[in-house]
Each structure stands twice: as structure tokens, then as C-alpha cells.
Amino acid sequence: MNAIWKYVGKRILYIIPTLIGLSILIFVLSRVLPGDPARMAAGPNAPDWVIEQIRHQLRLDKPIWVQYYYWWVDLFHGDLGYSIYTKRSVTVDVIEYLPASLQLIFLAAIFEILGALALGIIAGRYAYRLPDNMVRVLAYIGISVPSFVWGLLFQLVFASLIPLFPTHGMYSYGTIPPPRITGFSLLDALLSGRIDTFVDILWHMILPAFALSLGAMAQDARIIRAGMVENTEKEHVALVRAYGIPERTIFSKYILKPSLVPAVTVMGMDIASLLGNAFMVELIYQWPGFSRYGINVMLNKDINGIVAVVLVIGIIFAIANIIVDVVVAYLDPRIGRRAS
Amino acid sequence: MSFKDIFSEWIKTIELGKKWYRFRRSPLSMIGLIISLSTVVMAVFAPWIAPYPTHAGFFTDFKNATQPPSWQHLFGTDEFGRDVLSRTIFGFRYSLMMAAVVLTLVVPTGVILGLIAGYYRERWIGKLIMRIADIFIAVPPLVLALSVCSLLTPSAFHAMMAVSLMWWPWYTRLLYNITSSVKEEYFVYAAKVTGASSFHIMFKEIFPNAMGAVLTKVTLDVGWVILLGASLSFVGLGAQPPTPDLGTMVADGAKFLPDYWWISLFPALAISYVILGFNLLGDGIKDAFEG
Amino acid sequence: MNGEPLLEIKDLHVGYKTHMGISHVLNGVHLTVHKGERVGVIGESGSGKTTTMKSILRILPSNAIIKKGEIVYNGKDVLKMSNEELLTIRRKKISMIFQDPTSALNPLFKIGQIMLDIIKYSYNLEEKDAKEMALKALKEAALPDPERVFDSYPFQLSGGMRQRVCIALALIGERELIIADEPTTNLDVTIKAQVLNLLTDLVKKKNVGWIFVSQALGAVRENVDRVYVMYAGNIIEWGPSEKVFSNPLHPYTQKLLECVPKLTGKEFAKGIRGRIPNYFHPPSGCRFHPRCDYIMDNCKKNIPEPVEVEHEHFVSCYLYHRR
Amino acid sequence: MMNKKMVAIISVIVVIVIVIGVIAAVQSSQKPQQPQKKKLIRIGFSWPTYIDPAVGSDYSSSTAFTNLYDPLIFPGDKGMPKPWVVEKWEVSSDGLTWTLHIKKGIKFHSGNDLNADDVVFTFNRLLTVGKGYAYLFTPYIESVSAVDDYTVKVVLKKTYGPFISTLMRVYVVDKDVVMQHIKKPGAYGDYGDYATEWLLTHDAGSGPYMVKEVVLEDHVYMVKFKDYWGPMVKNAADEIQMLALAQPATEKTLLTEKQLEISSQWLPEETINALKKESYLKVATIPGGDEFYIMMNTKKPPLDDVHVRKAIAYAVDYQTIVDQIFPGNPIATGPVPSYLPGAAKDLPRYYYDLTKAKEELQKSKYWPDIKDNPDKYALDFHWIAEVPAEEKVAILFAQNMEEIGLEVNVVKVPWLSVVKEMSNMTTSPHLVSVFVSAHYPEAGSLLESRYHSKSADTWEQNEWLLNETLDHMIEDALSTVNTTERFKKYAEIEKAIMELCPSIFLFDHMIKLVHQDYVKLPADEGIYTGIMGYDLDGRTMEVLS
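Chains as they are written, first to last, in the working numbering: chain A, 1 to 340; chain B, 1001 to 1291; chain C, 2001 to 2323; chain D, 3001 to 3545.
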């Protein structure tokens, strides 16, 4: 296990300069590309002196490296800058909106993993037979239909034809949100003992999470299936078979485990698609999360907001990838040890 | 050695006949080819295929707005009274154009940078290129593309530029990996010993080994670029109306769900159709090169 | 050698279904092993040796089709056995050592995990006893630190050690027949001899039936009682090892033996013209005829019946029919 | 071992499926809404909404102010000023000093009394922060001071006729509460951040409702203030909820499920038509106090030529716009909405006439050039992304212009980007379609904000007229304290503007709100203020059981 931690440490060390590079990239882009954020911040009717004041407040009157330096200074004080869209510190926004997105992505990831496992295993077990072909068709559809199209389709179906799931927001109307304890509304509902609210939130999450998960699910199901088909013909499977280990055990142990490694590896990419697609899906379902906030700051050219959104997503992505690496290293002992 | 010679040699190394034979035997690949070709045909000949070509431009006919699908308008009409089918056919044009522009910019850039980075893996130039590529890959491509687009004025051109900016590192990475492994092979040593130039080694000895992978990726990427472009325009940061962009059409029509479902549903299916086609085609090419 | 046949393969035809059609690999293979007998199988790579061996345990790849034939073990046809009977054979009677120890050991499991699984299913033992049995087997296979090996992943062991692990696996319990499918081919030259010596010693000591598949003709000559020569899915010559090696009858056997570089000779080993035939459209008649220097009309039409040229030394070739 | 894992995984799946099934069952059994105990009004809105009266100034923010705060002056029917917090006022003979008498007995939500000190503080805060409606006052106000506990003296820099009307945009904040929530350091020195962060999600008002909860980008919940001093209808709502709704489809669902009482302002016509079919839904039409213009940048070729502008004005198919795109809105009669006090009658108008349009175009100095290469003078038409129906106008416009040989590039631009573009003459597009409303109910408000030079760099003017004569006329009119005189001067200005033809006057905007029939709005009976934000007033909206 120690080897794995060393490996993780290495990964983190490698990723830090990348994230710093990312911060420079997006910071420079946000300041260099044409735009007048102060004007946006001031509102439509503000006089010039107000705009100047805001420009000063945003340090836009200073050279860009000075701005970047102060960005770091502020960051060390826990301040990601003033949002011209929400008119408060971006830090507050991140704290407010991020948990909702994480919670949604988490559920989507659960759907994705369970769905991919189920479909992939069925297809692998019955390779080249009807279930396999059905899964293959499903997988191609899953991969080809963009998540926002899924989102709209579900909305169409469930909003009008089968009004089973809500298609908007996080709570039913009139629900008073649970007191903010962790920021994760599901958790908060449980902590404050409001099971009905918990159920209500979960109920609101199902469609967006499902729409979000489908693409990645299809992708992973395919990879698991391919892995199983490939591993079935491996010599090491022939060996355990030759020594009389029953087929069930061979399948669920000696074939499944190696088939999961490539799937988990690809999951890093899948997380990227979840994080990216969350932008459209949260917009469609009006999910009060970080991605919808991201769209809004982008549409309003809120430079500090944009920088924060990109970086926070970069960090989440990095963390997720490291988790994926750890899981892979756990599944495949060769990786962690080779690295050390 | 002229570039033309190198090129013809590349073509030779592909062994088209053999690949085609392998490709042809998979029905899924053939379906992919047919779908992809059909979208290309629709895109190229849109003005002749679309029943109402003028509806792709500045056209309004409010009296015939929001008509459900009928024989006259197979996909119905939108809130402007424009034929959704015609606009969808033109939509392929913009989607494929986007893919073409982006990939034309990105593939050579990414490939050359990847070759250099892989070839000079131990030197600062190789490390620098890969470090920069890592920065662009550190965030899901859609997020960075959205940010860049949002900082510019929304237009199809800016969307293409933003997507291109996000996309080259994937080719750089691909070529870097292939180059790094191929570099150790004997034929590269042999070429080096005989005094071949780095240019020669990169393009004549190493690159042909990556052709299959690059071709596969390009094909699959047609679908992904279209998806990314559609996502950008879905949010409103892509092509501008009245350009019949599929993503914009979906987003605009979404306002009228569920009553006038056809306005967004058909363009949405069209996006899925293109992506499906190029996915199947890409997988087919991959199998042909690997199998 | 006399006695009861332990294993008798009769007229085995096996093919593989691929997207390019069916490849007809085994074309009427037959082979007999008596109790405690050591039998060698030689031939070029790709001649169907591994397919034959895997057929015995019915562990062929999923696209393989057994078209015809019988594999009689102790009087019962393996191919018609119930699942239970087959599992008994696999768990108690026959074991197999694979060609490449690297690919034969699942890289994601520790040696111990694999061994315990096998022992548990075979002998229904408690974890502790099973481990003891495994360690004993590892020790028997001359592995220096059995505890450590038991707790290692395959990638942490050298190639030679991995093959010793496989040998240990094969010798667990009281087996009646051990199949060694080119056990040293994939090992470093320096340790080939060590591993082979270990294996032959153990086989001799335990006095079990042994099928030794190899391209190392010298090793086969020294260590087996009888030898079968295989070419393109056919047994073309078989007989007592000494006779076959000193007096090869089939043109293919002759060529094959010529390939071995002579330590004294100044000339290089000779190759055989041509290559193993395409199994999708194998040559009609004797499958060796396109490469044969003594080709006759009949060779292209029919498969020659075996002829007993000297005592217990058979050959399938029309050259010997004329006599 | 792996088998156990498999079992575990499968059982997790099974459990999840079962849980989902149970939830589904529970949910669907809960479907019938429990009878509403309290009277609730839920209103659809779009974000951003800033409930701080020194920050917000748009439709949704103004609606929140109306309900959370009390203005100094309240608009009565048709927007005529009505005493409110200021119960009476006097003006000095030079028109520069206004004395405002504050009504006694008004209580803030905190329980504090509203007095002159609070009013002075409110003015100072508004002017210092400088956002929101501050722009109405910064050019005019010299000083504000308390004479005694209930008298405030306002000194102006120059005479300003509509001063009393502008006081409808001064929402009194509770000084003590604001001071308690100041965060230091901030942009405003001793006053820290002037509590701008706190007031984004809380209120410090005396209005009939007080903030219960604000979640940015999601909702503003307000509950009735029991001790409200002013008049309220009997069946006023116990709670008003403003909900952020981005999609018409969602609003439609909510309206039909009776989960939303009042729709948002910009429902597409298609959706309104679909909803009209439901018997329990009503459509209230309220004059928005705004007019829809296509503003032409008169400094950008070829629009710097009045003939080109007139040609365009004659080529627009006004009738189709009001029939098909914005049904129910009357074609504009001039530069200000016809019902606004001070709007001139019988102005010469432009109408759809292609022959005339072509004639005018041919008179233009650009004609030969336009004829030969139209793309050289392609016109950029920017429309506001947030108002989808504008796209239809834009495309119809482009189609109309094609008929007279002018090329148009239609560009969809987010609102705040348009604002930014219009702040600079070179980045201002050729054409932009915008709704502009009067800040106080008088023609002068629009005339000043639309055509005075000092508004040239704001979003309310894309024309860049920079016409000194016009500036003088506007200033003169605004400084006229006598109403009749002032209105006469307005009419002159309007006529001059029609001649300059800097804008296309499309229609007087009527807001359409779809609402449940159990909610009664004054607008249903034709009563309206015509002032943005004052027509969804909790004091006058009734919830019938």
C-alpha cells in the first residue's frame, strides 16, 4: 500500500504545475480577450465613476502580472475575487453551488458504474449472442446521443407523457430547503432528520443524473465487455480452467477483475465528460449547481467567476483522476509498484 | 525528398486494399460508412436536397409557424414558419464544416508537436510541449471551450477557434506515445546510423506507424467535434441565428417542449445520427487497422 | 511398451471458427499414453500440438470446434463427459504445464491466491491445510523461499520461477498424467536446462504418465519412451524414441532432425523449404506434399494410411506403401 | 472472495432499484397536492435579481423592491405620483430646494421607526454605491439633509421638473439594520461594503413583505409583514415566492400543475397561446411603460445618412410584427409610448412602403456603392439573447431589408454584452433592438435617456445622436416645473426626433402575464401604473380561495 501512496504523491506533485499553468492560461485569457467586465458589473445605467471604481476594485487598471500576483495573494486569504455576476466573493459562490453539482455528479457516477458493470458483464457473459448484440446497440446509442439530448428527451417524456419524475430544480415547490450544514442538500436533509426532503431531492436528481451518466455508461460497458471477451481467451483463464475451477468462479474472479482495469482507466475520461456535460444538463434541469453557475458567469463575462469555474473543475478533475489511478493501482498491483 | 514522395509512401504503407477488405466484412462499419457518407452528401448538396432551401436563410412565414410534421413539412415547421427538415439538412453542412475546419487546424499541429515531443522526449523542447499539452487537457475540453467562447463574442468562427485550441493536445499526446515507443525500434536506429535527418526519421520512419491511430482518431473526432460544437451552440455560444446550426436549433426548440416537440427533436436526432455514423466508421477503421 | 492405455486420442479433428472462415487445424490426430509412460510430441510451431493438448482437458478457446474424434481416458471419452466427471479429471487426474508461464498466471492475483483456489476446489481443504499443501508443492519445485513466492504477484518473479510455480501446480496431489506443453520454450537459455531437469526428475520420481511437447529434440530424445511427430494437424510418424530419432522415416521427420545444428559439423542447420500450410484451405491428401521432395501423384489425393515399418515404429507416407 | 463482492454489488443494485420503486410509489401517492393552508403567490422570474435597492434596477429587482420596501412616492393609476412615505412636499421658488415631509408611524421590519435620518441615509447610500437607480439622481442632487425627525431637505444642482416622479425609485432602507451588517473593509471607506453583500440576500425595508430566504439564482421567498402600516387588500398573499425559471416549458408545466401562480414576463407567444386554452388560466396585459425600438447607430456608415435611416423605417413590416410576433401590442406612435404622460399625439409616422423606402435609399449618397457591393455596407443587427422573440423581429427585419437591397448580419448577443458594446461608439452595432422603459412616468424620462448626448454611451441609446440642439431642448423641458409647459416642450422634441429618424419605433410594449384565475391582479380590471416593477404589488394582488 505504501507504494501506492508514493505513487499518489508523485501524481499530485506532477499535477500541481499543470494546475498553475492552467490558472495562468485562463487568467490571461480572461483579461486579454476583449471585454469590459467593469461595465458589466456596474449595471446598465451606472455612471462612469462607478465603472472606474469597479475597475479599480477588480484591479483591471493594473498590469496583468500585478493582477495575477494579487489573485494569488487573495487566494491565500481564501478569496477568489469579486463576482460581477453575483456581486459577492466568488469563494462564497463556489461554496454555495459546488456541493449541489458534486452530489449530482456523484449520483451520475453511481448510475454510470452500476449500469456499465451490469451491461458490460451481461454482454461479456453472453458474448456474440443476443444480449451482447442488444447491449452493443444500446452502447452505440448511448455514446452517440449527447447528454443534453437525453436531458431534453427525458424532459419531454417525463414532463408530459409520464409525469413520474420532476424535471426542474432540486426541491418540489414550496419545500423549504434543509438548513445548510454541509452544503450537500441530501446530507443536510438527513442530518436534520427530514427524510421526506431527502427523498424529494433524490427524486429530483434522478433524471439529470441519468441523462448525465448515459454516455459514459455506454462507453464503459463497451470496454468492460471487450475486456471480458479478450480475457476469456487468455492463457491464464485456460490454466485455472484446466485445474478444475468452476466456470462461475473463473468468470466472476479471473475474467472480471482484469477486465475492470481498462474500464476504470477510461473512467478518468468519463469523469471529464460528466463534468463537461453537467453544464448542459444543469441548465436544462435548472439544477442549482456549480455548472449552471458556470454557464451564467460565462454568459455574463464574469472574469473572476470564469477563472474560478475553470480552476475548480480542473482541481476536481485532477482529484478524480488521482482516485481513478489509485483504484487502478489497487486492481492492478503492477502499476503502483512499477512506479516506485 | 519532397513531401509528395513522403505522402505517396504513407499511402502505400496503409495497404488500402487489405484494410478495405477487413473493413467491409463488418456490417456495423458499413452502416457507419453509409451514415457518414449520407451526411456528407446532405451537407454538400443541401441546396438541392432540402425541400425549402431558402428557409436556411433570412426567412419568415409566421402564418405557417409551428406546423406539426406533415407531408408538406416532414419534420414540421418552427416558430418562424421555416421547414425543420430543410434546416436540419443545412445543419449537417455547418456541423461538418466545423469538424472539417477544426480537424484541419488541429491534426497537423497536434501531430507535428507530438512527433517533436516524442522524438526529443529527453530534451527540454519535448518536455515543454507535453507540459503545455497537459495544461489544456487538465480540464474537460467542453469547459475550456465554453470559457474561451464566452470571453469572445459568440460566433461560429470563434467556436471553431475555441474548439481547435482545446483539441490539438490529444493528437500531440497520441503521437507522443507512439513516437516514444517506436523510437526504440531497430529500424529507427538503423535510419539514425545511416545518417538520416531527424525530419526524415520523424516523418518517414515514425509517422507511418501512427497513421492507423491518427486516421481512427480523426474519424471518431468528427463526431466529438460536432458534439462539442453542438454543445456550445446549445448554450448560445456557437453559430448565430439564423444559421441552421443543429445545436442552436435544439436549444431554441427546447423552449417549445412539449407542445412543439418536432422543432427540437429532429435536429437532436440529426446530431445523434452524425455522431453515430462517425463513431461506427471510426470503430470500423480501427478494427481494419488493428484486426 | 505394453500395458493398459491411460489416454487414447482417436481420429481427432478440431477447427477454429474465425471471421475469415473455419481453419481446419487438427486432421485426425491420434495418440496413446500408457500408465506411467513418457510420451514426446515434436513438430514445428503451428502444427497443432497445443490444440491437441488443450483438447485433452477441454480448455480450447471458445471459437474451437471439435468436429470428430474421441479422447478416451481410463475408458471414458473426455469429450462426452459430464461436467462433474470433467472437473474430477481436471482436479485430480490430469494436469498441464503451459508453454508461457507469464501469460498462464493471472497477473492480478498473487501466486498464493491462485494456488489456494485450485487446491480448495480440488481437495476441499481448510485454508490452513491448503496453504501447507501449496507451500509443500512450491518447495518440491525447488523454489528457494516458498513463503515469499506464495505471497508474490507473478510479475515479481523471474520467468524461471514462474515456470517452477506452474510445475508445482501440476504436481500437486497424485496425478496420473502430466501434460507439459513446451515448458521451456519461453525461458531464458540459461535456465532451460535447470527447469527441464527439475521436471524430468519429478516425473521420474513420481512415476506418472507424461506427455512432453517440445521443439527441443534433444531433450525429447533423452526423456521419453515413445515419440510422436506432428505435422499440420496430423501425426505422421510415431514409435519408440530411439527408433524414431535414429531412423527417421517420414521426409518431414528427416528434415526436422536435420534442422538441429550438429555440434561437430561446420555447416549451419538446414531449414525446411516452405512453411506450415494455410489451415483455411489446407492441401489435399498428405498435408506435407507441397513441401516434400519425394512428392507422388497419390500424395495430393489421399491421406496415406500408417505403415508399421519396424516394430512399433509407424509412419504415414506413401514412400513406404510401395514396399 | 470475488463472489462475495459480486453478491454485494448485485444486492446494491437490487436495493437501489427497490428504493427507487418505493420512492416512486410514495411520490405518486403523494401526487394530489395537500390543500394549501396559506395564501401563496409564486411568480416566475429570471436571474439575476438583486434585491438591494442600491444595486438592482431591472424588472425582477424592481418587483422585489416594491414588495420589500416603501418608496418615497408611490405611482398611482397610470403612474401619477401619489404621496407615500413622503406625505407632502414643497419646492422653493427657484425650483432647487425640495422639502419632503415624512409620514409618521411607519415601522421597519426590524421594529424601528422610519424617520428623516433613514431617508437621508438611503439617499447617501444610493448615491455612494452608485448602482441601481442612482443614475436618476447623481446628475441632479447636490445634498440631502434632515431638518428634523420627519423633514428632509433636498437641494438640487439644477432645476428638475420630474423630481417628484423620480422619488418612486427611492426605496427607504433601515439605517440601523444596514449599519449592523456592514462588512469591513469594503469599497466605501467608513461604511465598509455598505452592507451590499448582506442586502443581496436580506432586506432592511418597511414594505408589506419581508425576506424569508434568498438563494441566488434560485429563489426569493417573502412572507407577509404583519405590522405593515399601509393599505393592503383583504386577500393578500401570506407568502410571495419569486422563482428562477429559465425555460418556458417548465413554466408551462408548473402553471398547468398549479404550482405557479404568475408566469414570468417573457413567455413566448407560442406558449401563451397554448396556455390560453386552459380555462383556469388568465392572461393579464399590462403596459410595460416601455417601447420596443430598433436603434440605429447614426455615426456608422451608411446609417449616418438620414435617407438610409428613413429607407429602413419605411421598409419594416410593422403590421406583421404586431400581428404575428408580438400580438396585442399597438404599433408605436412616436418616440415614447402613447399612454405615457407627455406623449405627443398625431406625429408623422413611418409605415411599411417599399416604394418609398427605395426612393429614400436612392436619395442617399451611399446608394451607388450599396447597389454594387451590398456586403460592404452590411448592417450588424444585434438582438438580446435573453428575449428570444427578438430573434423573429431580427430575421423579419433582415428579410425586409433584403427586399430593398440592404444586407443584414443578425447577431444574438447576451444582454450585458450589448450594454458593453453600446458604451462605445465604435463598438456600438449598426442596429440593436431593445426595450426601453421610462424610469418615471413621463415622456421626459425616455426623451432624456434615449436621445440626450449624455446617455449616448449607455445601453439606452445606440443612436449616438450627439445633437446639441436636441440636448438643449430636453434640458429646457426637464427644468420646466410647470407640467403643461413641460409637456408642450416634450411634444416639440418628439417631432424633431421623428424627423431625424434615429430609431425604428416598433410598438408600445404590453407585458403579458399568464396567471391562475384564483389570483386577481389589478391589471385584470385595467388598473396599472405602467411603471416597471409596480404592477406585481403584494399590496394589491388578491388570492381568492
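Heads up, the beta-carbon is just placed ideally off N, CA and C, and yes, glycines get one too.
Short CB-CB distance (under 8 Å) between residue i and chain B
i: leucine 3396 of chain D; result: yes
i: valine 3411 of chain D; result: yes
Buried versus exposed, by CB contacts within 10 Å (16 or more), residue i
i: phenylalanine 1234 of chain B; result: buried
i: aspartate 3148 of chain D; result: exposed
i: arginine 129 of chain A; result: exposed
i: serine 1264 of chain B; result: buried
i: glutamine 1072 of chain B; result: exposed
i: arginine 3349 of chain D; result: exposed
i: asparagine 2207 of chain C; result: exposed
i: leucine 1128 of chain B; result: exposed
i: lysine 2949 of chain D; result: A question about residue 2949 of chain D goes unanswered here, because the residues of chain D that appear run from 3001 up to 3545.
i: isoleucine 20 of chain A; result: exposed
Proximity test, Cβ basis, 8 Å: residue i and chain A
i: alanine 1213 of chain B; result: no
i: methionine 2001 of chain C; result: Note on methionine 2001 of chain C: pLDDT 48, under 50, position unreliable in the model; the coordinate value appears next. False, the Cβ-Cβ gap to chain A never drops below 8 Å.
i: isoleucine 1206 of chain B; result: no
i: lysine 2054 of chain C; result: yes
i: aspartate 2151 of chain C; result: no
Close Cβ partners of residue i (< 8 Å) along its chain, the five nearest in sequence each way excluded
i: glycine 3444 of chain D; result: Gly3161, Pro3162, Gly3342, Ile3474, Ala3477, Leu3478, Arg3486 and Tyr3490
i: arginine 59 of chain A; result: Val66, Gln67 and Tyr70
i: threonine 3097 of chain D; result: Val3091, Lys3153, Val3154, Val3155 and Leu3156
i: phenylalanine 2155 of chain C; result: Pro2107
i: leucine 2263 of chain C; result: Only weak support exists for where leucine 2263 of chain C lies, its pLDDT of 49 falling under 50; the coordinates are left without a value.
Three-state class that DSSP yields for residue i in the structure shown
i: aspartate 3113 of chain D; result: strand
i: threonine 2051 of chain C; result: helix
i: proline 17 of chain A; result: helix
i: histidine 2019 of chain C; result: coil
i: arginine 3349 of chain D; result: coil
i: alanine 1213 of chain B; result: helix
i: glycine 314 of chain A; result: helix
i: proline 3035 of chain D; result: Summary for proline 3035 of chain D: the model assigns pLDDT 48, below 50, so the residue's position carries little reliability; its value from the coordinates is reported in the next sentence. Coil, per DSSP.
i: lysine 2068 of chain C; result: strand
i: serine 3062 of chain D; result: helix
Min CB distance residue i to chain D below 8 Å
i: threonine 1267 of chain B; result: The sequence as given places proline at residue 1267 of chain B; threonine does not occur at that position. No, proline 1267 of chain B does not count as interfacial toward chain D.
i: proline 1047 of chain B; result: no
i: alanine 1196 of chain B; result: no
Identity of the residues DSSP links to residue i by a beta bridge
i: glutamate 3278 of chain D; result: Partner(s): none; glutamate 3278 of chain D has no beta bridge.
i: isoleucine 2042 of chain C; result: C:Val2229
i: arginine 3042 of chain D; result: D:Gln3241
i: phenylalanine 3074 of chain D; result: D:Lys3082
Close beta carbons around residue i, own chain, < 6 Å, minus the five adjacent residues each side
i: aspartate 3227 of chain D; result: Lys3107
i: isoleucine 303 of chain A; result: Ser30 and Pro37
i: leucine 187 of chain A; result: none
Cut-off 7 Å between Cβ atoms - residues of its own chain near residue i, not counting five sequence neighbours on either side
i: threonine 1243 of chain B; result: Tyr1094 and Ala1156
i: leucine 3127 of chain D; result: Ala3134, Phe3137, Thr3138 and Ile3141
i: lysine 2092 of chain C; result: Ser2122 and Gly2173
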